[in-house]
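Numbering (the working numbering), first residue to last: 565 to 976. Written below as structure tokens is the structure these notes are about.
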């Protein structure tokens, strides 16, 4: 679907003005932190040329608003910027409109109200910080700064036209770019998601099914070495979602390692072994367990996230979700983790594999993108994204058994 916005004139120069303002706001005010925004991949194409953002791509936030980075070539603006420290404001004067008495743009940190050419405008979402970059809402820029903008849902690209192109010219550019940004043909391939729990020597009281949840550290190291030897590349569930949904490239022979419950061994042993081999994994945390003995704490979770591990939710109290307060178990656990890592939580794991349609509906409402079950099998794009299968790794699995479980399709 293509959605066209008809906008007023003066777009691109003022885009850069806003971008420059936000740079100055970030530097002068000393803002820090990370935006609680999704990282769904989008692209920005201006007059047929893709804008390259080296370290932070445009994204769509939780309010379904496209946010663009502020890394634009400010030297091309021809604008002046004054920082008003007392009022924590930035005033921008676009030299292209120097003859207009109210041509200033005035932004205030922490407020949605913006003065544009002497009139108060209200943004529907504020600028946010992702990593070290400030992201500004494209909708605000588009609404007040003028150009023709089209959105191509199939390629996730926002096309900006500033030269008065005809409809035919715009469609030609979009068609050409769509061919360049096709979704990879291999996105329908099967992919294995391995399910681990505790990586430790089981205590004497661990019997029966509980005993099977343990994989001894020495055996786990062999598992990782087998994966490396066979050319596997680890990705996270978040990576898989973005690959399937938007065509984000993933390595050949991708595999996902998942760890349920958030045991202390995930930080003490599993993460160092993964880092040693340049691997990543997805860790599912029970949020009323962290900071408890035997489980990861908040600082450990933050360090795991900084090292490229995906932090995800395994509910708040690990209960049967079919008869639970879903606001607490799903939404509260997501919010708690997001506040710890300053990033979005994409993935969910059903406790004991127990859930129903109402659970799935609530997951989507809370903003989860993907969920995994305990059902045995490989993950495939035509499965329900909230019911992906996994391959359980048990204590009783010998190296030969493990090798067979992770063998590529068609390989003995």
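Cβ coordinates follow ideal geometry from the N, Cα and C atoms, glycine included.
Residues of its chain near residue i, where Cβ-Cβ distance is below 7 Å and the 5 sequence neighbours each way are ignored
| i | result |
| --- | --- |
| residue 967 | 790 |
| residue 591 | Note on residue 591: pLDDT 38, under 50, position unreliable in the model; no value is reported. |
| residue 828 | 858, 859, 860 |
| residue 839 | 871 |
| residue 897 | 851, 877, 879, 880 |
| residue 818 | 755, 797, 799 |
Enclosing alpha helix (DSSP H) for residue i [first to last residue]
| i | result |
| --- | --- |
| residue 925 | 921-930 |
| residue 966 | 963-969 |
| residue 790 | 781-793 |
| residue 809 | 801-810 |
Host beta strand (DSSP E) of residue i (start-end)
| i | result |
| --- | --- |
| residue 939 | 934-940 |
| residue 857 | First-last for residue 857: undefined, no H or E at that position. |
| residue 825 | 818-825 |
| residue 722 | 721-725 |
| residue 897 | No beta strand (DSSP E) contains residue 897, which is instead part of the alpha helix (DSSP H) from 897-905. |
| residue 677 | 677-680 |
| residue 840 | Counting along the chain, residue 840 falls outside any beta strand (DSSP E), though it belongs to the alpha helix (DSSP H) covering 835-840. |
| residue 684 | 683-686 |
| residue 875 | 874-877 |
| residue 765 | Residue 765 -> no beta strand (DSSP E), and no H or E assigned at all. |
| residue 913 | 911-913 |
| residue 844 | Careful: residue 844 lies outside any beta strand (DSSP E) and carries neither H nor E. |
| residue 884 | Neither: residue 884 is in no beta strand (DSSP E) and is coded neither H nor E. |
| residue 916 | From DSSP, residue 916 is part of no beta strand (DSSP E); its letter is neither H nor E. |
| residue 712 | 712-716 |
| residue 954 | 952-956 |
Beta-carbon proximity list for residue i, same chain, < 6 Å, skipping 5 on both sides
| i | result |
| --- | --- |
| residue 892 | 880 |
| residue 872 | 844 |
| residue 890 | 926 |
| residue 958 | 776 |
| residue 954 | 757, 759, 936 |
| residue 900 | 851 |
| residue 800 | 844, 846, 874 |
| residue 734 | 725 |
| residue 723 | 609, 714, 738 |
| residue 639 | In this predicted model, residue 639 has a pLDDT of only 29, less than 50, meaning its place in the structure is not dependable; the value taken from the coordinates is given anyway. Result list for residue 639: empty, nothing under 6 Å. |
| residue 862 | 904 |
| residue 969 | 955 |
| residue 747 | Any reading at residue 747 must be qualified, since the residue scores a pLDDT of 48, below 50, and its modelled position is unreliable; no value is offered. |
| residue 949 | 934 |
Rounded C-alpha distance that separates residue i from residue j
| i | j | result |
| --- | --- | --- |
| residue 721 | residue 609 | 7 Å |
| residue 847 | residue 951 | 17 Å |
| residue 760 | residue 830 | 10 Å |
| residue 956 | residue 860 | 22 Å |
| residue 584 | residue 780 | Only weak support exists for where residue 584 lies, its pLDDT of 40 falling under 50; the value from the coordinates is given anyway. When rounded, the distance between both Cα atoms is 54 Å. |
| residue 719 | residue 812 | 11 Å |
| residue 732 | residue 629 | 27 Å |
| residue 938 | residue 914 | 8 Å |
| residue 814 | residue 928 | 24 Å |
| residue 737 | residue 712 | 13 Å |
| residue 971 | residue 941 | 13 Å |
| residue 650 | residue 682 | 21 Å |
| residue 805 | residue 960 | 31 Å |
| residue 978 | residue 767 | Because the chain in this structure spans residues 565 to 976, residue 978 falls outside the shown range and cannot be described. |
| residue 853 | residue 714 | 47 Å |
| residue 764 | residue 784 | 9 Å |
| residue 586 | residue 964 | For residue 586, the predicted model reports a pLDDT of 44, less than 50, meaning its position is unreliable and no value from the coordinates is stated. |
| residue 792 | residue 690 | 44 Å |
| residue 866 | residue 904 | 7 Å |
| residue 902 | residue 729 | 43 Å |
| residue 912 | residue 835 | 20 Å |
| residue 922 | residue 624 | 26 Å |
| residue 920 | residue 741 | 41 Å |
| residue 883 | residue 924 | 15 Å |
| residue 856 | residue 822 | 21 Å |
Whole-angstrom C-beta distance between residue j and residue i, which should lie under 8 Å
| i | j | result |
| --- | --- | --- |
| residue 869 | residue 907 | 7 Å |
| residue 754 | residue 918 | Residue 754 to residue 918, Cβ: 25 Å. No contact. |
| residue 894 | residue 841 | Actually they are not in contact, since the Cβ atoms of residue 894 and residue 841 sit about 33 Å apart, beyond 8 Å. |
Nearest to residue i (by Cα), restricted to the options the options
| i | options | result |
| --- | --- | --- |
| residue 786 | 681, 962, 607, 762 | 962 |
| residue 816 | 827, 794, 737 | 794 |
| residue 762 | 839, 901, 833 | 833 |
| residue 916 | 839, 797, 841, 885 | 885 |
| residue 826 | 806, 864, 820, 672 | 864 |
| residue 727 | 612, 972, 651 | 612 |
| residue 931 | 876, 971, 782, 882 | 876 |
| residue 796 | 808, 820, 778 | 820 |
| residue 802 | 910, 965, 942 | 910 |
| residue 837 | 923, 853, 782, 672 | 782 |
| residue 807 | 934, 740, 921, 867 | 934 |
| residue 716 | 607, 788, 798 | 607 |
Beta-carbon proximity list for residue i, same chain, < 8 Å, skipping 5 on both sides
| i | result |
| --- | --- |
| residue 947 | 953 |
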